[in-house]
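Counting in UniProt numbering, the sequence shown runs from 1 upward without gaps.
Each remark here refers to the structure printed beneath this line.
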Amino acid sequence: MNKKLLLPIGVVILIIGIAILLLNPDPAAANLEIARNATNAQAAAKAISANNQSYTLWYSIGMFCSGLGLALGVGGFIVNIIKKD
């Protein structure tokens, strides 16, 4: 990978990760609505579990992108500072 591209790619990935984290809705309100409208407990538990799994997946992807973007950005910044030409 070209060392000059580390910083811009890191910033883009960091922005994507932060956007995913900010746009991922909190599942508590949806879980409460599912529980209120449930006809039986087992169906409600399955729906709440699926909702929580979806939230966890997107949260994990957002955190991964944020961490990767931060690491690439800091690494690109350091490489640009120490670069000897």
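C-beta atoms are modelled at their ideal positions from N, C-alpha and C, and glycine is treated no differently.
Beta-carbon proximity of residue i to residue j, cut-off 9 Å
{"i": "I16", "j": "G69", "result": "yes"}
{"i": "I9", "j": "C65", "result": "no"}
{"i": "A50", "j": "A38", "result": "no"}
Cβ separation of residue i and residue j, assumed to be a contact under 8 Å, to the nearest whole Å
{"i": "G67", "j": "L7", "result": "Not really, about 16 Å apart at Cβ, beyond 8 Å."}
Cα-Cα separation, residue i to residue j
{"i": "A41", "j": "L14", "result": "40 Å"}
{"i": "K4", "j": "V11", "result": "13 Å"}
{"i": "A43", "j": "N80", "result": "55 Å"}
{"i": "Q71", "j": "E33", "result": "Sequence check: residue 71 is Ala here, not Gln. If I take the Cα positions, the gap works out to 39 Å."}
Do the region 51–69 and the region 24–35 meet, that is, are 3 or more Cβ pairs less than 8 Å apart? yes
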